[in-house]
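Peer 1: Dropping the structure in here first, questions after.
2 protein chains.
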Amino acid sequence: MIQFYAPEIEKTLTLPESDSAHCTRVLRLTAGDEISVVDGRGHRFRCVITEPHAKHTHIEIAEREDLLKPWKGRVTVAIAPPKNMDRLEWFAEKATEMGIDRIVLLRCRRSERKEVRCDRVEKILVSAMKQSLKGVLPELTPITLLSDFLKEDFGQKYFGYCDADTPRLLFTEEVRPCSDVCVLIGPEGDFSPEEVEMCRKAGYIPVTFGDARLRTETAALFAVAAIHVINQLSSQ
Amino acid sequence: MIQFYAPEIEKTLTLPESDSAHCTRVLRLTAGDEISVVDGRGHRFRCVITEPHAKHTHIEIAEREDLLKPWKGRVTVAIAPPKNMDRLEWFAEKATEMGIDRIVLLRCRRSERKEVRCDRVEKILVSAMKQSLKGVLPELTPITLLSDFLKEDFGQKYFGYCDADTPRLLFTEEVRPCSDVCVLIGPEGDFSPEEVEMCRKAGYIPVTFGDARLRTETAALFAVAAIHVINQLSSQ
Chain Z
1425 MIQFYAPEIE
1435 KTLTLPESDS
1445 AHCTRVLRLT
1455 AGDEISVVDG
1465 RGHRFRCVIT
1475 EPHAKHTHIE
1485 IAEREDLLKP
1495 WKGRVTVAIA
1505 PPKNMDRLEW
1515 FAEKATEMGI
1525 DRIVLLRCRR
1535 SERKEVRCDR
1545 VEKILVSAMK
1555 QSLKGVLPEL
1565 TPITLLSDFL
1575 KEDFGQKYFG
1585 YCDADTPRLL
1595 FTEEVRPCSD
1605 VCVLIGPEGD
1615 FSPEEVEMCR
1625 KAGYIPVTFG
1635 DARLRTETAA
1645 LFAVAAIHVI
1655 NQLSSQ
Chain Y
1425 MIQFYAPEIE
1435 KTLTLPESDS
1445 AHCTRVLRLT
1455 AGDEISVVDG
1465 RGHRFRCVIT
1475 EPHAKHTHIE
1485 IAEREDLLKP
1495 WKGRVTVAIA
1505 PPKNMDRLEW
1515 FAEKATEMGI
1525 DRIVLLRCRR
1535 SERKEVRCDR
1545 VEKILVSAMK
1555 QSLKGVLPEL
1565 TPITLLSDFL
1575 KEDFGQKYFG
1585 YCDADTPRLL
1595 FTEEVRPCSD
1605 VCVLIGPEGD
1615 FSPEEVEMCR
1625 KAGYIPVTFG
1635 DARLRTETAA
1645 LFAVAAIHVI
1655 NQLSSQ
C-alpha cells in the first residue's frame, strides 16, 4: 500500500506538490481512486481523489483513523552529526523505520560537523515514515549546543561515552521499558571531559552498548533497536 | 588505535599492499614504529615495522594475542540483497560493527538482484572489522539459491516473513541467548508461498520483528541488534 503525506490534509483537502506529482504522474491515479494519507501527527485518512492534478490533487476524506505509534514512551536520540552526512541520513531513515519520536542534532566541542541541512534529513524522515507505514513523523531538532540541550528534561537519561577508563553501565541492563528515554551520542572524537561532567551533572548516566566499538551512527541505531527489543520483551 | 589487516601476517611478516600504503603513505609510519595487526581469524599481533614500503611493509611480531569475539554462539544472517547495493553494503558494515559471524547472500524467486560483486562487500567487511577493533572477519557467502542454503544445518532457525495473514511469532520472544542463530530475510517482494513452505519444511520458524514495517536491510540489522541485546541481558 502506498501512503501519502499531507500534514494539512484535513484543512486543505489537497495533496502537496510532491505527493500530487507522485500520485498522478508516477502512479497515474485518477478521479475516484482511493488513497491512504497520513498527516504525520498520528492520523491516517482513507481518501478519494476528486480532482487529480500534478501540483495540487484534490481529495475527499472517506474515513479518519487514529494511527497510534506501536511503542510506549518517547524515544529521543540526541546525536552529534558525523562528518559524513550519509551516515546521519541513514541513521535518520533506519531509526524512523524502527521507531523514534525525536532526533536532536547536537553540537559538541569536538563535533566534526557544525551545520546540517535539515531539509534533506526532513525529506528522509518523511519517506521513511511513509515507507514503514507510520502515522507520526519524528521531530527533528536542528543543531543545538549540548549545554542548551541539557536544560531540557526527560525520563531516563543516558549518554554513550567511549572512554573505556570511565566506569560505565551496560545500556541494555539499565534502560527500563516503555518509558521516556533520551540517549546522547557524542561525536567521533567523543565528548570532552568538560562535556562528560556537564552530562553527569544534568543527570545523564554514562553507558556502553557492549564490547564492540561502534561508530557514532551505529551506536545511536543500536540504542534505538535495544529500546524496542526491551519494550517488546516487557510487553509479554 | 589504527588496526591493520593481514590474513597471512604470521607466514609473510608483511603487510598487504593496501595496508602497506596506508601505513607508510597516509600514516607515515616508519622503521621501529609499533602497529597492531589482525589476521581476521581471531588473532591480534603487536608488530614492529622493520622495513616500511608502500607496497610490502615488512614487520616483526612482538606479541601474539587471541582476540576472541565478545559474543557467544554463531550469528548468521542470510539476506536476499536489495536492488540498491548501498543498502546491502551498509547492512554489511553495521552488522560487522555490532557483531556477525556470517552473511549469506540469498537468491530467492522474487529477488530484485540476482548478482552481487562480493569483492566490494568484502572490502567493507574488512574496514568495518578494523574500525570496530575486531579480530574475526565475518564470512561472506556469495549468492546462493535458497533451496541450496536450506540444506545447511544451524541451531535456531527463523525467517522474517511479511505476509501479515500468516501467524508469526515475535522474534525477540523466541530467540534464545548465546546459541547459534540463523535468520533468513527475504527480498523486497517477500518469499514466495513455495519458498515459505520450503523454509518451514527445513525447520525455519516464521517471525516478525514487531509492528513496524521494516525494509529488508533494516529487518536484517534489527535481528542482529536484537540477538546481541538478548545475549547481553542473559549474561548477567
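These protein sequences, in sequence, are chains Z and Y.
Residue numbering for the first sequence is 1425 to 1660, as defined by our numbering.
Residue numbering for the second sequence is 1425 to 1660, as defined by our numbering.
All C-beta atoms in this analysis are idealised placements derived from N, C-alpha and C, irrespective of residue type, glycine included.
None of these values were measured; they are calculated from a predicted model.
Listed from N- to C-terminal order along the chain, which residues in the region 1577–1608 of chain Z have their beta-carbon within a distance smaller than 8 angstroms of any beta-carbon of chain A?
Peer 2: Included in the structure are the protein chains Z and Y, with no chain A among them.
Peer 1: Using a Cβ-Cβ distance under 8 angstroms, would Met-1509 (chain Y) count as near chain Z?
Peer 2: By this cut-off, Met-1509 (chain Y) is not an interface position.
Peer 1: Return the CA-CA distance between Ser-1535 (chain Z) and Ala-1552 (chain Y), expressed in angstroms with no decimal places.
Peer 2: So the two alpha carbons sit approximately 22 angstroms from each other.
Peer 1: Does chain Y have any CB closer than 8 angstroms to the CB of Thr-1448 (chain Z)?
Peer 2: Chain Y contact via Cβ: absent.
Peer 1: Name, please, each residue of chain Y whose Cβ falls closer than 9 angstroms to the Cβ of Glu-1539 (chain Z).
Peer 2: Under the 9 angstroms cutoff, chain Y gives no residues; its nearest Cβ is about 24 angstroms from Glu-1539 (chain Z).
Peer 1: In three-state terms, what does DSSP make of His-1480 (chain Y)?
Peer 2: Three-state DSSP puts His-1480 (chain Y) in coil, outside helix and strand.
Peer 1: If you drop the 5 nearest sequence neighbours on each side, which residues of the same chain put their C-beta closer than 8 angstroms to that of Gly-1579 (chain Y)?
Peer 2: Excluding positions up to five away in sequence, the list reads Gly-1497, Arg-1498, Ser-1603, Asp-1604, Val-1605 and Cys-1606.
Peer 1: Any C-beta of chain Z sitting closer than 8 angstroms to the C-beta of Pro-1494 (chain Y)?
Peer 2: Yes - at least one Cβ of chain Z is within 8 angstroms of the one on Pro-1494 (chain Y).
Peer 1: For a contact defined as C-beta to C-beta under 9 angstroms, what are the partners of Phe-1557 (chain Z) on chain Y?
Peer 2: Per the sequence presented here, residue 1557 (chain Z) reads as Leu, with Phe not at that position. In chain order: Ala-1636 and Arg-1637.
Peer 1: In the region 1565–1636 of chain Y, which residue ranges form an unbroken beta strand (DSSP E) of at least 3 residues, counting only runs that do not cross its ends?
Peer 2: Within the region 1565–1636 of chain Y, the complete beta strand (DSSP E) runs of at least 3 residues are 1580–1584, 1605–1609 and 1629–1632.
Peer 1: Under 8 angstroms between C-beta atoms, does Ala-1650 (chain Z) make it to chain Y?
Peer 2: At least one chain Y Cβ lies under 8 angstroms of Ala-1650 (chain Z).
Peer 1: Answer yes or no: do Glu-1434 (chain Z) and Asp-1463 (chain Z) have a C-beta to C-beta separation smaller than 8 angstroms?
Peer 2: For Glu-1434 (chain Z) and Asp-1463 (chain Z), yes; Cβs fall inside 8 angstroms.
Peer 1: Please compile the residues from chain Z whose C-beta is within a distance smaller than 7 angstroms of the C-beta of Gln-1427 (chain Y).
Peer 2: Simply none; closest approach about 10 angstroms.
Peer 1: Any beta-carbon of chain Z closer than 8 angstroms to the one on Val-1653 (chain Y)?
Peer 2: So yes, Val-1653 (chain Y) belongs to the interface.
Peer 1: Can you find a CB in chain Y that lies within less than 8 angstroms of the CB of Gly-1523 (chain Z)?
Peer 2: So yes, Gly-1523 (chain Z) belongs to the interface.
Peer 1: Cβ closer than 8 angstroms: which chain Z residues qualify as neighbours of Lys-1518 (chain Y)?
Peer 2: Result: Thr-1642 and Leu-1645.
Peer 1: Report buried or exposed for Val-1631 (chain Y), applying the criterion of at least 16 other Cβ atoms within 10 angstroms of its Cβ.
Peer 2: So Val-1631 (chain Y) counts as buried.
Peer 1: Can you have a look at Lys-1518 (chain Y) and say buried or exposed, based on whether 16 or more other CB atoms are within 10 angstroms of its CB?
Peer 2: The residue in question, Lys-1518 (chain Y), is buried, as its Cβ has 16 or more Cβ neighbours within 10 Å.
Peer 1: Flag this pair as yes or no: are the beta carbons of Phe-1428 (chain Y) and Ile-1473 (chain Y) separated by less than 8 angstroms?
Peer 2: No, these two residues do not count as a Cβ contact at 8 angstroms.
Peer 1: Tell me whether Lys-1538 (chain Y) is buried or exposed, calling it buried when 16 or more other Cβ atoms sit within 10 Å of its Cβ.
Peer 2: That one is exposed.
Peer 1: Below 8 angstroms, can you find three or more Cβ-Cβ pairs linking the region 1444–1461 of chain Y to the region 1470–1486 of chain Y?
Peer 2: They touch, by the three-pair rule.
Peer 1: Closer than 8 angstroms, CB to CB, is Leu-1451 (chain Y) near chain Z or not?
Peer 2: It does not: the Cβ of Leu-1451 (chain Y) has no partner Cβ on chain Z nearer than 8 angstroms.
Peer 1: Is the CB-CB distance between Pro-1506 (chain Y) and Ala-1636 (chain Z) below 8 angstroms?
Peer 2: No, the Cβ-Cβ distance between Pro-1506 (chain Y) and Ala-1636 (chain Z) is not below 8 angstroms.
Peer 1: Strictly under 8 angstroms for the Cβ-Cβ distance: is Leu-1657 (chain Z) near chain Y by that measure?
Peer 2: Taking Cβ atoms only, chain Y reaches closer than 8 angstroms to Leu-1657 (chain Z), which makes this a yes.
Peer 1: Curious, which full-length beta strand (DSSP E) runs of at least 3 residues does the region 1444–1472 of chain Y contain?
Peer 2: As far as the region 1444–1472 of chain Y is concerned, its whole beta strand (DSSP E) runs of at least 3 residues are 1458–1462.
Peer 1: Lys-1416 (chain Y): buried (16+ other C-beta within 10 angstroms of its C-beta) or exposed?
Peer 2: The question about residue 1416 (chain Y) has no answer here: the residues shown for chain Y are numbered 1425 through 1660.
Peer 1: Reducing DSSP to helix, strand and coil, say where Arg-1511 (chain Y) ends up.
Peer 2: Arg-1511 (chain Y) falls in the helix class under three-state DSSP.
Peer 1: Do Leu-1574 (chain Z) and Met-1622 (chain Z) have their beta-carbon atoms positioned less than 8 angstroms apart in this structure?
Peer 2: Going by C-beta atoms, Met-1622 (chain Z) is nearer than 8 angstroms to Leu-1574 (chain Z).
Peer 1: Look at the alpha carbon of Glu-1618 (chain Z) and the alpha carbon of Pro-1566 (chain Y), and state the distance between them as a whole number of angstroms.
Peer 2: Roughly 48 angstroms separates the two Cα atoms.
Peer 1: Taking a contact to mean a Cβ-Cβ separation below 8 angstroms, would you say Gly-1584 (chain Z) touches Leu-1491 (chain Z) in this structure?
Peer 2: It is not a contact, given that the beta carbons lie outside the stated cut-off.
Peer 1: Kindly give me the distance between the Cβ atoms of Gln-1555 (chain Z) and Arg-1639 (chain Y), rounded to whole angstroms, as I take these residues to be in contact under 8 angstroms.
Peer 2: The Cβ separation is near 7 angstroms, so the contact holds.
Peer 1: Of all the options Y:His-1467, Y:Arg-1465 and Y:Cys-1471, which has the alpha carbon lying nearest to the alpha carbon of Leu-1453 (chain Y)?
Peer 2: Comparing Cα positions, the closest option is Y:Cys-1471.
Peer 1: What span of residues does the alpha helix (DSSP H) with Leu-1549 (chain Y) cover, start to end?
Peer 2: Unbroken alpha helix (DSSP H) run through Leu-1549 (chain Y): 1542–1555.
Peer 1: Output the boundary residues of the alpha helix (DSSP H) element that contains Val-1560 (chain Y).
Peer 2: Run containing Val-1560 (chain Y): none; DSSP gives neither H nor E here.
Peer 1: Would you decide whether Pro-1591 (chain Y) is buried or exposed? Buried here means 16 or more other CB atoms lie within 10 Å of its CB.
Peer 2: With fewer than 16 Cβ atoms within 10 Å of its Cβ, Pro-1591 (chain Y) is classed as exposed.
Peer 1: Val-1461 (chain Z): which of Z:Leu-1557, Z:Ile-1654, Z:Leu-1608 and Z:Glu-1598 sits nearest, CA to CA?
Peer 2: The candidate whose alpha carbon is nearest that of Val-1461 (chain Z) is Z:Leu-1557.
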